[in-house]
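Here is the structure we will look at, set down as structure tokens.
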Amino acid sequence: MFNLFKKKLKQFVKKFSEKIKKEEKEIEKVEKEKRKSLVERLRRKINYKKITEDDLKDILVELEVNLIEADASIEVVEKIKEDISKSLIGKEVERRRVKEKILEILRKSIEEILEVKKIDLEEIIKKAKSEKGYATILFFGTNGVGKSLSIAKLANFLQKKGYKVVLAAADTFRAAADIQLETYAKQIGVPVIKHKRGADAAAVIFDARKFAEARNYDVVIADTSGRMHTKQNLLDELKKIVRVNKPDLKVLVLDSLTGNDVIYQYKFFNDAVGIDAIVFTKVDVNEKGGNILSICYAFKKPILFLGIGQGFDDLIEFEKDKILNSLLPS
Ligand SMILES: Nc1nc2c(ncn2[C@@H]2O[C@H](COP(=O)(O)OP(=O)(O)OP(=O)(O)O)[C@@H](O)[C@H]2O)c(=O)[nH]1
Ligand SMILES: [Mg+2]
């Protein structure tokens, strides 16, 4: 995952360190021709390099193009460029350590971008249970991003931790959406509450909540239909779902393969109903990686988990260091 982003950074690190090293060789040549008294002064010049704006100019333009190609937003690219400039321009760098230095700057910069609030799912469930007996988690997002499969993954994860989970098949819009969820549920071994196709989605979730209350279930996870901003009726439906069911956690699912469109999707759903956490899917097949940085940097929302495959166990927690290591070259 994220190989393109890593490759682009690697190119940058290599080019910059080679550029500074090349100068070292040229100065070494000059040194031989100079008188002995100059040796000391030159030694410093050989070993250290004071970085100028000029040294970085072309290489930063190239980095910008490369990172945008790897799906990073302009804001993310600007931050990384600014961090590099601020940490290097006017500073003396030991030539032999240029690579380490630049990697250290990149690591710190990207680490700051990935600095988002942590989410404590079990704490949220515990609190909701103590208040009303169960927690309601609502998933939403545009079409085909991986909502239903992510719900199955979360149900599987929670069930393994000992929670009793019931699913609400509130995608009453797409044909066979309930059958897909039922198939997943059967494989995991959790019940599903469903109504007829075209039924009121808010009512399906309401019924699942009644089920949880009556049978002492811990968590209701609600699937909803994929919706885009062009479908006002589906947007009104989502607002109604939230109004009626007051979920304890509203989760936006984003397909990491969507490029920078994720920013618009985020804004659209956040304006409509508000977002508590994000699930990023298809990270296993995402070579680029930049849009995860864009979302973290722009919105600072917790990431509930990352989807890394089509199996029910294919999810990983969002761990800053792991993401950092998969984005940074070594
Ligand atoms: N490789 C990979 N595929 C995934 C991942 N998550 C979901 N998918 C696949 O993406 C496709 C769509 O997943 P769904 O869960 O049906 O997506 P959805 O958002 O519920 O779709 P709609 O209900 O039609 O809006 C399926 O083929 C999934 O198997 C993931 O993390 N990795
Ligand atoms: Mg679905």
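Residue numbers for the sequence shown, in our numbering: 11 to 340. Backbone N, C-alpha and C define an ideal beta-carbon position, used for all residues, glycine too.
In or out: K16 buried (at least 16 other Cβ within 10 Å) or exposed?
Counting from 1 along the sequence shown, the entry for residue 16 is found at position 6. By the 10 Å Cβ count, K16 comes out buried.
Heavy atom of ligand 1 less than 8 Å from the Cβ of L262, yes or no?
Sequence index remark: in the sequence shown, residue 262 carries index 252 (1-based). It does not: the Cβ of L262 is nowhere closer than 8 Å to a heavy atom of ligand 1.
D210 versus A178: straight-line alpha-carbon distance, rounded
Along the sequence shown, one-based indexing puts residue 210 at 200. Along the sequence shown, one-based indexing puts residue 178 at 168. About 12 Å.
Taking the CB atoms as reference points, tell me whether F26 and I112 lie closer together than 9 Å.
As a position in the sequence shown, residue 26 is number 16, starting the count at 1. As a position in the sequence shown, residue 112 is number 102, starting the count at 1. Yes.
Of the residues A222, S119, F149, the one placed nearest A138, counting alpha carbons only
The sequence position of residue 138 within the sequence shown is 128, counting from 1. Looking at the Cα atoms, A222 is the closest of the given residues.
Could you tell me the alpha carbon to alpha carbon distance between R105 and E114, rounded to whole angstroms?
Counted from its first residue, the sequence shown places residue 105 at position 95. Counted from its first residue, the sequence shown places residue 114 at position 104. The straight-line gap from Cα to Cα measures roughly 15 Å.
Between the alpha carbons of L244 and I333, how many angstroms are there, rounded?
The count along the sequence shown starts at 1 and reaches residue 244 at position 234. The count along the sequence shown starts at 1 and reaches residue 333 at position 323. Their backbone Cα atoms lie some 34 Å apart in a straight line.
Output the distance between the C-alpha atoms of G317 and A218, rounded to the nearest integer angstrom.
Counted from its first residue, the sequence shown places residue 317 at position 307. Counted from its first residue, the sequence shown places residue 218 at position 208. Each residue's alpha carbon lies about 25 Å from the other.
Mind reading off the beta-carbon distance from Y307 to K89? Whole number of angstroms is fine, and I expect it under 8 Å.
Position 297 of the sequence shown, counting from 1, holds the residue named residue 307. Position 79 of the sequence shown, counting from 1, holds the residue named residue 89. Contact holds; Cβ gap of about 7 Å.
Distance, Cα to Cα, T291 vs V155?
The residue given as residue 291 occupies position 281 in the sequence shown. The residue given as residue 155 occupies position 145 in the sequence shown. Distance between the alpha carbons of T291 and V155: 7 Å.
Is any non-hydrogen atom of ligand 1 found closer than 8 Å to the C-beta of T62, if you look at the structure I gave you?
For this step, residue 62 is matched to residue 52 along the sequence shown. Checking the Cβ of T62 against ligand 1 gives no.
Euclidean distance between Cα positions of A107 and L325
Stepping through the sequence shown from its first residue, residue 107 is reached at position 97. Stepping through the sequence shown from its first residue, residue 325 is reached at position 315. First, the amino acid is wrong: residue 107 is Arg here, not Ala. Rounded to the nearest angstrom, the two C-alpha atoms are 38 Å apart.
Alpha carbon to alpha carbon, what distance is there between Y274 and K220?
If you number the sequence shown from 1, residue 220 lands on position 210. If you number the sequence shown from 1, residue 274 lands on position 264. Those two C-alpha atoms are separated by around 35 Å.
Can you give the Cα-Cα distance for S336 and E329, rounded to whole angstroms?
Position 326 of the sequence shown, counted from the start, is the residue given in the question as residue 336. Position 319 of the sequence shown, counted from the start, is the residue given in the question as residue 329. Distance between the alpha carbons of S336 and E329 is about 11 Å.
Can the beta-carbon of I302 be found closer than 9 Å to that of S266?
Taking the first residue of the sequence shown as 1, we reach residue 302 at position 292. Taking the first residue of the sequence shown as 1, we reach residue 266 at position 256. Yes, these two residues count as a Cβ contact at 9 Å.
Taking a contact to mean a Cβ-Cβ separation below 9 Å, would you say F149 touches F279 in this structure?
What you label residue 149 is simply residue 139 of the sequence shown in a count that begins at 1. What you label residue 279 is simply residue 269 of the sequence shown in a count that begins at 1. No. Outside cutoff.
So, with DSSP's three-state summary, where would you put Y58?
Counting from one through the sequence shown, the residue named residue 58 turns up at place 48. Note: Y58 maps to strand in three-state DSSP.
Assuming F221 is part of the alpha helix (DSSP H), what are its boundary residues?
Taking the sequence shown and counting its residues from 1, the one referred to as residue 221 is at position 211. From DSSP, the alpha helix (DSSP H) with F221 extends over 211-225.
Got a sec? Which residues, its chain only, sit under 8 Å from K29 by beta carbon, not counting five neighbours each side?
As a first step, residue 29 must be located in the sequence shown, where it is residue number 19. Excluding residues within five positions, the ones whose Cβ falls inside 8 Å are D65, I69.
Taking the Cβ atom as the reference point for each residue, do D281 and V261 lie within a distance shorter than 9 Å?
Looking up residue 281 in the sequence shown gives position 271. Looking up residue 261 in the sequence shown gives position 251. Taking 9 Å as the Cβ cut-off, D281 and V261 do not qualify as a contacting pair.
Within 9 Å, strictly: CB atoms of T182 and K256:
In the sequence shown, residue 182 corresponds to position 172, counting from 1. In the sequence shown, residue 256 corresponds to position 246, counting from 1. In this structure, K256 does not lie closer than 9 Å to T182 by Cβ.
Does DSSP classify I113 as helix, strand or coil?
Stepping through the sequence shown from its first residue, residue 113 is reached at position 103. Reading off the sequence, residue 113 comes out as Leu, not Ile. In this structure, L113 counts as helix in the three-state DSSP scheme.
L6 and I134 look like a contact to me (Cβ under 8 Å); what is the Cβ gap, rounded to whole Å?
Residue numbering for the chain in the displayed model covers 11 to 340; residue 6 lies beyond these limits and cannot be assessed.
Hey, how far is the Cα of L314 from the Cα of D228?
Within the sequence shown, the letter at position 304 stands for residue 314. Within the sequence shown, the letter at position 218 stands for residue 228. Using only the alpha carbons, I get a separation of about 18 Å.
Same chain only: Cβ atoms within 8 Å of K249, ignoring 5 sequence neighbours per side
Taking the sequence shown and counting its residues from 1, the one referred to as residue 249 is at position 239. Once the five neighbours on either side are set aside, the close Cβ partners of K249 are A282, V283.
If you check the beta carbons only, do K79 and I56 fall under 9 Å apart?
By 1-based counting over the sequence shown, the position of residue 79 is 69. By 1-based counting over the sequence shown, the position of residue 56 is 46. Note on residue identity: the sequence assigns Glu, not Lys, to residue 79. No, Cβ-Cβ distance for E79 and I56 is not below 9 Å.
Assign R207 to one of two classes, buried (16 or more other C-beta atoms within 10 Å of its C-beta) or exposed (fewer than that).
Taking the sequence shown and counting its residues from 1, one reaches residue 207 at position 197. That one is exposed.
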